[in-house]
Amino acid sequence: MAAALPDEKPTQPQYRRARTPLPESIQLMVVSGPDIGTRAPLGDEPCIVGKSHSCDLVLRDRAVSRRHLEVTLVPSAVRLRDLDSKNGSYLSDIRFSSVDVTTGAVVCIGSTELKIAPANHQAALPPSARASFMGLVGSSLPMRQIYAILECIGPSNASVLIQGETGTGKDLVAEAIHRASPRIGGPFVVCDSGHVAPAFTQAQGGTLYLDEVGELDLFSQGVLLRALDRRGDVRIVAASSRNLAAEVKTGHFRLELYHRLAVVRVDLPPLRERREDIPLLVAAFLGEAAIPPDLMARLCAHDWPGNVRELRNVVERAHALGGLHGEI
């Protein structure tokens with residue numbers, strides 16, 4: 097049998113059966129390469145990975161083919177099938193045409209590594225060193241963890257779902273993603289999901305922000321899903337104050353639409369879980385104006401059910417009126 101050339105990786109076209117039972121929900125995660133942090137849920141339909149915008153997981157890696165890899169759930173395994181790519185697909189440095197794996201497997205295509213992981217698995221991204229990001233303010237650990245995600249996904253075309261309580265700044269995160277992307281020269285179009293078709297046209301070459309998608313009824317969700325299939329050159333960023341994964345389980349939100357929107361999910365913490373950011377936020381709202389320490393302490397002790405939006409309204413109104421007396 098002829099040996100592989102020294103500069104070639106051996107080829108393994110056969111299936112390797114997975115033995116470990118699969119978890120109920122599985123995702124495909126990018127753990128290295130230009131799109132690190134991007135992820136795609138695996139469901140009933142095959143997940144196609146490649147550079148083409150028609151793929152379910154779109155990569156910017158130049159060494160990846162337009163349609164490079166097919167990932168399919170089969171009984172007790174995840175099947176990886178190379179789609180006759182130019183540079184091949186590798187598992188443990190062995191090139192394959194088709195192979196069955198289980199969770200924990202890492203496949204290499206181009207300079208990108210993809211990991212099969214449980215859906216609740218979080219990518220191990222170290223917190224960012226930033227105290228702000230594209231208009232977002234906060235140096236707390238929860239915010240620096242969010243900045244780390246945004247730094248990774250900003251340059252990509254991955255769809256993003258932002259979840260958080262009312263007033264946490266979901267719209268600001270959407271704008272930050274747009275500003276951190278190559279689409280910054282294109283339009284940033286805000287849509288309340290009631291006028292989807294014209295919004296897709298307006299957002300060509302830019303970013304479409306779908307606000308409060310969790311409020312759509314099932315019929316409107318179907319309309320949005322069909323529009324996503326014809327979206328063209330548009331990046332999708334959606335937001336909801338509802339937990340859409342929970343809405344899927346109760347039948348109030350379409351599973352296939354959730355999968356299309358939540359390629360990357362960003363969960364914003366309420367302000368009461370990052371009180372150490374309140375002085376930075378107040379300084380950002382007031383500029384050079386100073387607040388006495390006792391008043392700042394009162395601001396930091398409040399629960400802020402309206403989150404950052406409520407804090408901003410209170411601080412700016414109080415400053416205009418000359419004090420915070422009775423405001424909190």
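Numbering-wise (this note's numbering), the sequence shown opens with residue 97 and increments by one. By construction, the Cβ of each residue, glycine as well, lies at the ideal position given by its N, Cα and C atoms. Computed from a predicted structure; not experimentally measured.
Does the distance from the CB of residue i to the CB of residue j come in under 8 Å?
i      : j      : result
Leu138 : Leu169 : yes
Val145 : Arg135 : no
Gln241 : Pro214 : no
Met239 : Ala276 : no
Glu261 : Asn403 : yes
Leu210 : Val202 : yes
Gly310 : Glu343 : yes
Ser181 : Phe192 : no
Leu176 : Val195 : yes
Ile132 : Cys248 : yes
Asp329 : Gln300 : yes
Gln259 : Arg361 : yes
Arg338 : Leu314 : no
Ala335 : Glu352 : no
Ser148 : Arg158 : no
Arg279 : Thr264 : no
Val285 : Ala295 : yes
Arg394 : Ser252 : no
Arg413 : Cys396 : no
Ile212 : Val174 : yes
Gly282 : Thr208 : no
Figure out for me which residue from the options has the closest Cα to the Cα of residue i.
i      : options                           : result
Glu474 : His348, Val378 and Ile122         : Residue 474 is absent from the model: the chain starts at 97 and stops at 424.
Gly250 : Val174, Ala173, His274 and Ser207 : His274
Arg322 : Pro388, Asp363 and Ala293         : Ala293
Tyr243 : Leu364, Pro389, Leu351 and Gly281 : Leu364
Cys151 : Arg327, Gln298 and Lys182         : Arg327
Ala272 : Asp399, Leu237, Cys287 and Ser228 : Ser228
Glu369 : Leu237, His415 and Asn339         : Leu237
Ser235 : Ile374, Thr303 and His291         : Ile374
Ser316 : Val333, Ala341 and Asp288         : Asp288
Ala254 : Asp399, Ile280, Ala225 and Arg331 : Arg331
Ser172 : Arg405, Val285, Thr199 and Pro283 : Thr199
Pro401 : Pro366, His291 and Arg156         : Pro366
Lys266 : Arg405, Leu320 and Pro389         : Arg405
His291 : Ser207, Gly281, Leu320 and Gly282 : Leu320
Leu312 : Met392, Tyr354 and Asn183         : Tyr354
Leu382 : His415, Leu187 and Thr346         : His415
Assuming residue i and residue j form a contact by the criterion Cβ under 8 Å, report the distance between their Cβ atoms to the nearest whole angstrom.
i      : j      : result
Leu357 : Leu246 : About 17 Å; that fails the 8 Å criterion.
Leu268 : Leu232 : 6 Å
Leu417 : Leu377 : Actually they are not in contact, since the Cβ atoms of Leu417 and Leu377 sit about 19 Å apart, beyond 8 Å.
Ile205 : Leu165 : 6 Å
So what does residue i bridge to, in DSSP terms?
i      : result
Phe229 : Leu232
Tyr186 : Arg191 and Cys204
Asp196 : Arg175
Met125 : Arg135 and Lys211
Glu166 : Ile144 and Arg177
Val154 : Gly146
Check the Cβ-Cβ distances between residue i and every residue of chain D, and say whether any is below 8 Å.
i      : result
Ser337 : No chain D appears in the structure shown, which is made up of a single protein chain.
Going by the C-beta, is residue i closer than 7 Å to any heavy atom of the ligand ADP?
i      : result
Leu246 : Ligands in the displayed structure: none, and consequently the ligand ADP is not present.
- Message: Quick check for students: name the residue ranges of the alpha helix (DSSP H) that lie wholly in the stretch 249-317, counting only runs of 4 or more.
- Response: Entirely contained in the stretch 249-317, the alpha helix (DSSP H) runs reaching 4 residues are, in chain order, 266-275 and 292-298.
- Task: Kindly provide the ranges of any alpha helix (DSSP H) runs that are 4 or more residues long and lie completely inside the stretch 317-358, ordered along the chain.
- Result: Listed in chain order, they are 340-345 and 351-357.
- Task: Could I get the ranges of all uninterrupted beta strand (DSSP E) runs contained in the stretch 354-395, with 3 residues as the minimum, in chain order?
- Result: Those beta strand (DSSP E) runs which fall completely within the stretch 354-395 and span 3+ residues are 360-363.
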